[in-house]
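Remarks on the structure that follows.
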Amino acid sequence: MKLLSKIAGVIAVVALTFAVVACNKNPKPSSKADLTAINATIAKCEQVLAAATPALYPEDAIDEFKVIIAEIKPTLNDLTQTQVDALNVQLLAQLAAFESLKYEDIPASAVTMSLSFDEGTGTSLKTKGSNTWTATLCAGPSEIFGSDTAIPTFVTGKVGKAIHFEKGSHIEIADYAANKLEVGAMSISVWVNPDKVFSGNYIVSYNYWNSFKLQVQDASKPFFTLKAGENCQDMDNETDQSVPAKTWSHVVVTWDGAKGEVYFYVNGEVTKVWDPDSKAGTLKGNIASYANKLPLLIGACTTYAEACSWSWADPSQWAKNPESWDCFYGSIDEVAIYNTVLTPGQVKKLYNTQK
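Okay, so the sequence shown: first residue is 14 according to the numbering used here, each after it adds one.
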């Protein structure tokens with residue numbers, strides 16, 4: 014595991030140092046560099062490493078960090094002040110990256126809403142977390158599926174019970190507070206087990222592309238759309254078959270509205286990062302609102318009435334071809350929306366706890 018790729022920067026600085034020293038006939042600097050700051054940083058790193066066990070951090074990350082410290086310490090007396098200062102900056106960044114991998118709990122206050130489906134019965138559930146909203150189990154639109162649909166069913170899940178969707182069945186949460194969703198930072202975590210590869214396998218949708226939506230697309234990979242202000246972006250994790258059909262996969266997407274960054278995780282590992290350099294002008298600010306307030310949906314893209322209002326849509330075609338309707342086919346478990354950007358360590362602990 015490369016620690017958010019920052020380990021490469023530290024190694025590069027160390028390698029450059031060795032190269033400079035090796036090429037210099039008189040490698041000792043003309044005046045001794047002040048090592049106070051970097052020795053303090055090394056001491057902090059060693060203190061963190063002394064307490065770092067495989068139960069708290071990825072074992073390979075611990076090993077890599079130890080190598081970094083071991084390579085840095087013998088070089089210090091051969092460095093100029095400029096080199097020491099640069100190395101200290103890199104090492105502080107590495108320490109922050111390492112500590113972000115700690116398997117930390119997610120504070121209860123960070124959970125906007127969650128559904129575990131462990132009730133195992135009922136047509137109306139209550140969300141857990143900071144908000145107690147009503148989640149109503151709904152059948153698919155009769156205009157599309159006729160009588161050949163029903164509300165979602167409870168099945169054996171990844172953890173306890175899960176909910177199974179097909180033929181447009183979905184969950185609607187209508188009593189949410191918009192200010193709890195139209196925020197400047199968020200994460201979505203969910204276990205999914207699609208029945209089939211399907212481009213419209215919608216997991217969570219809040220006003221579809223007018224606010225945010227998460228789905229699994231036809232290449233069996235997570236696909237996330239988010240609108241912040243007037244800027245709307247589609248993103249995926251660019252890894253085909255990363256969330257295959259007939260398999261439980263843990264999917265997390267995080268968004269930082271201050272930095273304009275989106276992280277994709279699958280089964281506890283980062284699979285893709287989108288930032289303002291890769292998506293120009295991307296995703297800074299708060300999640301956009303939508304004048305036509307729709308329910309927060311699980312297992313569907315939008316409501317039938319809303320879709321019929323689209324000028325470019327032809328509702329008569331959905332009844333002729335029900336699979337053109339975007340909805341989830343398969344099982345969903347442990348879905349949660351957070352009001353914060355989960356760290357890699359929090360995502361990993363969540364995955365390890367639930368797997």
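Even glycine gets a Cβ: it sits at the ideal position worked out from N, Cα and C.
Beta-carbon spacing of residue i, residue j below 9 angstroms
i: Lys240; j: Glu251; result: no
i: Val264; j: Val275; result: no
i: Leu105; j: Leu92; result: no
i: Ser44; j: Gln103; result: no
i: Gln228; j: Ile216; result: yes
i: Ile300; j: Tyr219; result: yes
i: His183; j: Ala313; result: yes
i: Tyr317; j: Asp208; result: no
i: Asn223; j: Lys193; result: no
i: Trp268; j: Ala198; result: yes
i: Glu148; j: Ile186; result: Residue identity differs from the one stated: residue 148 is Ala in this sequence, not Glu. A contact, by the Cβ cut-off of 9 angstroms.
i: Leu355; j: Ile75; result: no
Residue i versus residue j: straight-line alpha-carbon distance, rounded
i: Lys361; j: Ser329; result: 45 angstroms
i: Gly173; j: Ser344; result: 12 angstroms
i: Tyr278; j: Ser337; result: 28 angstroms
i: Ile20; j: Tyr364; result: Low local confidence applies: a pLDDT of 45 at Ile20 is under 50, so the model's placement there is unreliable, and no value is given.
i: Trp325; j: Lys226; result: 20 angstroms
i: Tyr351; j: Pro357; result: 14 angstroms
i: Thr166; j: Cys151; result: 10 angstroms
i: Ala32; j: Ala64; result: At Ala32, the pLDDT of 47 sits below 50, so the modelled position is not reliable; the number obtained from the coordinates is stated separately. Approximately 33 angstroms, taken between the alpha carbons.
i: Gly242; j: Thr284; result: 26 angstroms
i: Asp161; j: Leu310; result: 21 angstroms
i: Gly281; j: Ala46; result: 42 angstroms
i: Thr125; j: Gly142; result: 6 angstroms
i: Val256; j: Val61; result: 35 angstroms
i: Lys368; j: Tyr221; result: 29 angstroms
i: Ala53; j: Thr88; result: 16 angstroms
i: Gly273; j: Thr49; result: 36 angstroms
i: Trp331; j: Val210; result: 19 angstroms
i: Asn37; j: Asn90; result: With a pLDDT of 49 at Asn37, under the threshold of 50, the modelled position of this residue cannot be trusted; read the value that follows with caution. Their backbone Cα atoms lie some 14 angstroms apart in a straight line.
i: Pro335; j: Ala349; result: 29 angstroms
i: Val286; j: Leu108; result: 20 angstroms
i: Lys180; j: Gln246; result: 28 angstroms
i: Glu72; j: Val80; result: 13 angstroms
Cβ-Cβ separation, residue j to residue i (assumed contact under 8 angstroms), whole Å
i: Cys321; j: Gly153; result: With a Cβ gap of about 15 angstroms, Cys321 and Gly153 do not count as contacting.
i: Val97; j: Ile55; result: At roughly 11 angstroms, the Cβ-Cβ gap does not stay under 8 angstroms, so Val97 and Ile55 are not in contact.
i: Glu195; j: Ser302; result: 5 angstroms
i: Glu112; j: Gln359; result: Actually they do not touch by this definition, with Cβ atoms about 12 angstroms apart.
i: Asp346; j: Ala175; result: 4 angstroms
i: Glu59; j: Ile85; result: About 11 angstroms separates the two Cβ atoms, so there is no contact after all.
i: Tyr70; j: Leu114; result: 6 angstroms
For residue i: DSSP bridge partner residues
i: Asp288; result: Asp288 is not bridged to any residue.
i: Pro235; result: Val229
i: Pro207; result: Gly343
i: Cys245; result: Lys240
i: Tyr219; result: Phe225, Leu309
i: Ser322; result: In the DSSP output, where bridge partners are listed per residue, Ser322 has none listed.
beta-carbon residue i near the ligand NAD non-hydrogen atom, thresh 8 angstroms
i: Trp331; result: Although the ligand NAD was asked about, the structure shown includes no ligands whatsoever.
Next on the checklist: Is it the case that the region 122-136 contacts the region 299-306, given that we only count it when at least three CB pairs across the two stretches are under 8 angstroms?
Outcome noted: Flag = no, the region 299-306 and the region 122-136 do not touch.
Checklist entry - Does the region 197-212 come close enough to the region 284-294 to have 3 or more Cβ pairs within less than 8 angstroms? => result Contact check between the region 197-212 and the region 284-294: fewer than three CB pairs, one atom from each, fall below 8 angstroms, which does not count as touching.
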